[in-house]
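Reading through the structure tokens given below for one structure.
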Amino acid sequence: MTDKRPQTIQIYLPHGEPRGIRVADVTTRAIHAVHVPRARMDVAGEIEELRGVGVYFLVGESEGAARPTVYVGEAEDCLVRLKQHNAKKDFWQHAVVILSQAGKFTKAHVKYLEWYCLGRAKEAGRFTLDNGNASSEPHVPKPLMAEILDAFDVLSTLTSTLGFPVVEAQVQKPPATTYTLSPKKSSVEARGYPVDDGFLVLAGSTAAATVRTSAGAWVSRHRDELSAAGILDVGPSGTIFRESYVFKSPSAAASAVLGGNTNGWVAWKLPDGRTLSDVVRREDGAAEA
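In numbering that gives the first Met the number 0, the protein residues as written are 0 to 288.
Next up, the structure:
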């Protein structure tokens, strides 16, 4: 949400399965999110709320893709729409549906929410959008827009809590000082810092032109995925990150940058020479200022 205050979120398991269908609510709000794994579509009809008006996300991951894929949609009967997508769309493994507990969402609410979510998902850059050309902004009166944007804040919180941060900004507020990876006798100069999801390498960072022969196959594969997604540009003027990208760990980031297996905890350094390990793994356990 826009203001980072403490919140209480309730997650209900209608079938008692932690990895099955989940219903999440901010306990003081009238909006909830229903997570439906595709493998549980056979029992999704038991969730009565899914028959309401809502906005939904279809999420899937594929081998060889740098980012997961998402499709954003809206429907007057979300269960019917999910069944249609189950029959026709192949890529997705999870659906997350956002509905109003009181059934107050109208077509105008969800049309605008769909449009707004598409824009925020594109800005966040965490997922590849499966939607076609973007539509124009729907016209809604200002009082209704205020309701919709308030609902969006709850939507963002719930989707991220369920593990699908489609609309959550990827680049958090950067620290005052970033870490650098710049080996001697090398043209490589990358900058980044730890974030909630791993380690962010900033756009404009340069990387090794080639992958070392000693590197694990995953290093070459990951760089190929980044190149195919337009994140890592391998050209005559050098290898450069065209977009900021979050790696799952400091070592994954360092290995992709240097083109070979690298311990990112000691490779990433502050200007004063301290490594990421020195800062994060301080022996006294004190928090870094």
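Heads up, the beta-carbon is just placed ideally off N, CA and C, and yes, glycines get one too.
Check: Return the CA-CA distance between Lys172 and Ala123, expressed in angstroms with no decimal places.; Outcome: 13 Å
Check: Just to confirm the assignment, what range does the alpha helix (DSSP H) spanning Gly118 have?; Outcome: 106-123
Check: Once DSSP output is grouped into helix, strand and coil, what is the label at Arg222?; Outcome: helix
Check: Once DSSP output is grouped into helix, strand and coil, what is the label at His93?; Outcome: strand
Check: Alpha carbon to alpha carbon, what distance is there between Val139 and Glu48?; Outcome: 25 Å
Check: Kindly give me the distance between the Cβ atoms of Val240 and Gly203, rounded to whole angstroms, as I take these residues to be in contact under 8 Å.; Outcome: Reading off the sequence shown, one finds Phe at residue 240, where the question assumed Val. With a Cβ gap of about 7 Å, Phe240 and Gly203 count as contacting.
Check: Counting Cβ pairs closer than 8 Å, one from the region 50-64 and one from the region 82-99, do we hit at least three?; Outcome: yes
Check: What does DSSP give as the partner residues of Val194 in its beta bridges?; Outcome: Gly197
Check: Tell me the rounded alpha-carbon separation between Gly118 and His108.; Outcome: 16 Å
Check: Considering His31, what are the terminal residues of the beta strand (DSSP E) in which it resides?; Outcome: 30-36
Check: Put Lys268 into one of helix, strand or coil per three-state DSSP.; Outcome: strand
Check: Where do the N-terminal and C-terminal ends of the alpha helix (DSSP H) with Glu146 fall, by residue?; Outcome: 141-160
Check: Taking 8 Å as the threshold, find out whether the region 255-263 comes into contact with the region 206-219 through three or more Cβ pairs.; Outcome: yes
Check: Name the DSSP bridge partner or partners of Phe56?; Outcome: Val71, Val95
Check: Where DSSP assigns a beta bridge to Gly63, which residues make up the other side?; Outcome: Gly63 pairs with nothing; no bridge assigned.
Check: By Cβ distance, which residues of its chain are closer than 7 Å to Lys3, with the 5 residues on each side in sequence left out?; Outcome: none
Check: Measure the C-alpha to C-alpha separation of Tyr178 and Arg280 and round it to an integer number of angstroms.; Outcome: 15 Å
Check: How far does the beta strand (DSSP E) with Gln83 in it reach, from first residue to last?; Outcome: From DSSP, Gln83 is part of no beta strand (DSSP E) but of the alpha helix (DSSP H) over 77-87.
Check: State whether the region 259-273 contacts the region 76-89, with contact taken as three or more CB pairs (one from each stretch) at a distance under 8 Å.; Outcome: no
Check: List the DSSP bridge partners of Arg21.; Outcome: His34
Check: Would you kindly report the start and end of the unbroken beta strand (DSSP E) that includes Leu12?; Outcome: Neither: Leu12 is in no beta strand (DSSP E) and is coded neither H nor E.
Check: Using beta-carbon positions only, say whether Ile30 and Ala145 come within less than 8 Å of one another.; Outcome: no
Check: Counting C-beta neighbours from all protein chains within 10 Å, is the total for Ser243 16 or more, i.e. buried, or is it exposed?; Outcome: buried
Check: Is the number of C-beta pairs between the region 61-68 and the region 124-139 that are closer than 8 Å three or more?; Outcome: yes
Check: By DSSP's criteria, Leu128 is part of a beta bridge. Which residues make up the other side?; Outcome: Val69
Check: Tell me which residues share the same chain as Thr238 and place their Cβ nearer than 8 Å to its Cβ, disregarding the 5 neighbours each side in the sequence.; Outcome: Thr205, Ala206, Ala207, Ala208, Leu231, Asp232
Check: Since Pro137 and Lys110 are thought to touch, with beta carbons under 8 Å apart, how far apart are those beta carbons, to the nearest angstrom?; Outcome: 5 Å
Check: Give the single residue among Pro17, His14, Val25 whose Cα lies nearest to the Cα of Pro5.; Outcome: Val25
Check: Specify the secondary structure class of Gly102 as computed by DSSP and reduced to three states.; Outcome: coil
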